[in-house]
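Down below is the structure, laid out as structure tokens.
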């Protein structure tokens, strides 16, 4: 199965549209997506984007909860209320809507980041800050693991 890998930054045109990167579009087309589902990320200023199957996955999670309890209501509110469908034009562009701009801070450029089965949409400077923090956390974890292995071998 093809995965969304790598990243790209594209400019928003004068009509408020941005081209989805060609390698992402080829995966979208191979999967037969006519539209994309976008969800405002809970913990980052990004949108999590995939096909209708991503929404199906989230709805399956809701179905695991007791419908009379708050968790099911909260998940539905989040997955449905913080989500939207994005439609392509004939040239593989999507409109950069207020829904996208308000959560991400996007102004002139859009960063697309592969996440395997789905991808994210970011404001490029926000993405750079996040990427540096992720690398720092991973480096710290690597260092802690190495320190733990050294102590075990002593």
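In full-length UniProt numbering, the protein residues as written are 1 to 154.
Where is the CB? At the ideal position from N, CA and C, for every residue including glycine.
Which word fits residue 64, buried or exposed, when buried means at least 16 other C-beta atoms lie within 10 angstroms of its C-beta?
Here residue 64 is exposed, its C-beta having fewer than 16 other C-beta atoms within 10 Å.
For the putative contact between residue 24 and residue 115, defined by C-beta atoms under 8 angstroms, what is the C-beta separation to the nearest angstrom?
Contact between residue 24 and residue 115 is ruled out by a C-beta separation of about 11 angstroms, above the 8 angstroms threshold.
In terms of residue numbering, what span does the beta strand (DSSP E) encompassing residue 110 cover?
Following the DSSP letters along the chain, one finds residue 110 inside the beta strand (DSSP E) bounded by residues 109 to 114.
Using a Cβ-Cβ cutoff of less than 8 angstroms, which residues in the same chain neighbour residue 104 once the five nearest sequence positions on both sides are dropped?
Excluding sequence neighbours, residue 104 sits near 45, 46, 47, 121, 122, 123, 126.
State yes or no: is the C-beta of residue 84 within less than 7 angstroms of the C-beta of residue 34?
For residue 84 and residue 34, no; Cβs fall outside 7 angstroms.
Might you give, ordered along the chain, the residues of its own chain that have their beta carbon closer than 6 angstroms to the beta carbon of residue 8, omitting 5 neighbours on each side?
Setting aside the 5 residues that flank it on each side, residue 8 is surrounded in the same chain by 21, 112, each with a C-beta closer than 6 angstroms to its C-beta; the list follows chain order.
Are the CB atoms of residue 79 and residue 99 nearer to each other than 7 angstroms?
The answer is no: Cβ separation not under 7 angstroms.
Below 7 angstroms CB to CB, which residues in the same chain sit around residue 118 once its five sequence neighbours on both sides are set aside?
Around residue 118: 4, 48, 49, 50, 54.
Determine the closest residue to residue 88 out of 82, 96, 81, with distance taken between C-alpha atoms.
Taking only the C-alpha atoms, the option nearest residue 88 is 96.
Please report the Cβ distance between residue 101 and residue 19, rounded to the nearest whole angstrom; I am assuming they are in contact, meaning their Cβ atoms lie under 8 angstroms.
The Cβ separation is near 17 angstroms, so there is no contact.
Please report the distance separating the alpha-carbon of residue 6 from that of residue 153.
Near 38 angstroms, if we compare the C-alpha coordinates of residue 153 and residue 6.
For residue 11 versus residue 109, is the C-beta distance shorter than 7 angstroms?
With contacts defined as CB atoms closer than 7 angstroms, residue 11 and residue 109 qualify as a contacting pair.
Which class does residue 14 belong to by DSSP, given the choice of helix, strand or coil?
Three-state result, residue 14: coil.
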